[in-house]
Structures are given as C-alpha cells and as structure tokens.
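**Student:**
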Amino acid sequence: MGGLGSGNHNRLRGDTLEEHRRIDVCRFKREGMLTPGWIGAWEWKSASGNSNLINVYGGTDQIELSYRYKRGEEEWQSVRQVIRLLRVDRHLGGQQVYFECPACARRVRFLYGAGKEFRCQTCHDLIHASSREGVFDRQCRKIRKLRKKLHADTMMEAPMPRPKGMHQKTYARLFDEIIARETAALDEIEHRVPGFRRSITSLRKSGGFWS
Ligand SMILES: [Zn+2]
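Numbered per my numbering, the sequence shown spans residues 4 to 214.
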C-alpha cells in the first residue's frame, strides 16, 4: 500500500453541515472506498465552520481511518482507528455491507465521531447523555471477549449456539454471564437515553445520506 501521494489519492467532500463527524458505509461503498488499495481523504465543514478531514485506507474486510483530534485546549493527537466491515446476505441476492461499531460491535450504517473515536449512534448518544464512557466501554469489551470464547458473533443479542466440544457446564456459565451483561448494558442505554431505540429505527428507515 502506498502513501498518501501515491497516485490513486482521492479527495471526497461530504455535502453537509454536520456538527459531528459522521461516516456512512453506503456512501463509502458508492465512492469505491471499500476497495483494497483505495486511499483518500474524506473532508467536510462542520456547523461551527471548522474543516474536518479524515484519511481513509480502503479494504474489503476493514478500513482504516487516520486523523487528528483535539479536545479543548489539549494538544492535537494523531488517531488511527480500524473499522471492521460486516457483510450480510440480502434476501433477494447480493450483500449488504455494514460498519461494525468498534465499541459495542453492532452492525450499523453510520458511525459518529464521538470524542476521540468513531462509534455507532447508540454509543454516541450514551456518551453524550452520560459521562460514563469508560464503564460502558469496559462492559462492551467484556461482552465481546466472552462472545469470542463461544465463537459467536460479537454483536449484542446475536445467537450463541454451543461450540462443538465445549462442556455443557462451561457453555451455560458463559451464556448466562453474557446475557446478564448484555441486559445490564442495554438497560443502561435505555435508561440514560430515552427513546434511543426509536431514533435508531428511524435512522435505519431514512434512506437519505447526511439527512
Ligand atoms: Zn456502538
């Protein structure tokens, strides 16, 4: 993979005023950004008039974002974030591609610059509705880790069949712990972000980009 000056450097502009950085997997796909070797920059102006720029390294299974982030009076810091891509078969053929939220592993179309890193709307709302980012993130990380032990999809609420060769007792213990933690995590989101499920649904229904 070449550097940013390697010839196939693209510069694309998001066409909206948006206070938060938001990326759309459908738009990225249309622009050919989910292709190995794609390198370019995604650039837009926020409502406050500031320019935002993210360098994107394309790929089939994951993309990498690279940008600078500054909080208040702190120094600028360089951030690199890998975003996994998930593909799901459509009923009528073909595949739908999603981002995997780096925090809670949900399949989503949009990711938002929530503080230093990109996350889904649920995590984003949670962070803004509370200052308990650390607690929630730790819970989500723990859930993903437990789910991996079961070789299950890391997305919350995805099925968790018993892996071949795993003792029933071990399986039951892991299963119960995951369910308990996911229930707590989802309860916390609902408690702190009233109506968050509704907003997620309407987001999914709206076909528009940068709506
Ligand atoms: Zn999330």
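Backbone N, C-alpha and C define an ideal beta-carbon position, used for all residues, glycine too.
Note that the coordinates shown come from a computational prediction; the quantities given were computed from them, not determined experimentally.
(1) State the DSSP-derived secondary structure class of R122, mapped to helix, strand or coil.
(2) Alpha carbon to alpha carbon, how far is R176 from Y60? Give it in angstroms, no decimals.
(3) With distances taken Cα to Cα, identify the nearest neighbour of K148 among W79, A106 and T125.
(4) How big is the Cα-Cα spacing for M169 and Y72?
(5) Mind checking who Q98 pairs with in its DSSP beta bridge?
(6) Please work out which residues of its chain come closer than 6 Å, Cβ to Cβ, to L89, disregarding the five sequence neighbours upstream and downstream, and give them in chain order.
(7) Can you find a heavy atom of ligand 1 that lies under 6 Å from the Cβ of T125?
(8) Could you give the C-beta distance for A44 and N58, rounded to a whole number, given that I count them as a contact under 8 Å?
(9) Express the C-alpha separation of V91 and R33 in angstroms, rounding to a whole number.
(10) Can you give the beta carbon distance from S69 to R87, rounded, assuming they're within the 8 Å contact cut?
(11) Since E191 and F139 are thought to touch, with beta carbons under 8 Å apart, how far apart are those beta carbons, to the nearest angstrom?
(12) Is C29 close to ligand 1? I mean its beta-carbon at under 6 Å from any heavy atom of the ligand.
(13) Report the three-state DSSP secondary structure of D156 (helix, strand or coil).
(14) Would you mind reading off the limits of the beta strand (DSSP E) that contains R33?
(15) Tell me which residues share the same chain as R165 and place their Cβ nearer than 6 Å to its Cβ, disregarding the 5 neighbours each side in the sequence.
(16) Please name the residue, chosen from G40, G118 and T63, that lies closest to G75 on a Cα-to-Cα basis.
(17) By alpha-carbon positions, which one of F121, G116 and A188 ends up nearest to R144?
(18) For W41 and T186, what's the separation of their Cα atoms in angstroms?
(19) Could you tell me the distance, in whole angstroms, from the CA atom of T38 to the CA atom of G62?
(20) Under the three-state reduction of DSSP, which class applies to G10: helix, strand or coil?
(21) Consider the C-beta atom of R109 and the heavy atoms of ligand 1; say whether any pair is separated by less than 6 Å.
**Tutor:** Inspection of the coordinates gives the following:
(1) strand
(2) For Y60 and R176, the distance between alpha carbons rounds to 40 Å.
(3) A106
(4) 44 Å
(5) D92
(6) Cβ neighbours of L89 beyond the five flanking positions: Y101, E103 and R110.
(7) Checking the Cβ of T125 against ligand 1 gives yes.
(8) Confirmed, Cβ separation roughly 5 Å.
(9) If I take the Cα positions, the gap works out to 17 Å.
(10) S69 to R87, Cβ: 16 Å. No contact.
(11) 7 Å
(12) no
(13) coil
(14) Careful: R33 lies outside any beta strand (DSSP E), inside the alpha helix (DSSP H) at V28 to R33.
(15) Y174
(16) G118
(17) Restricting attention to F121, G116 and A188, the CA atom closest to the CA of R144 is found in A188.
(18) 39 Å
(19) 5 Å
(20) For G10, the pLDDT reaches just 37, beneath the cut-off of 50, and the residue's location in the model is therefore unreliable, although a value from the coordinates is still provided. G10 falls in the coil class under three-state DSSP.
(21) Yes - ligand 1 has a heavy atom lying nearer than 6 Å to the Cβ of R109.
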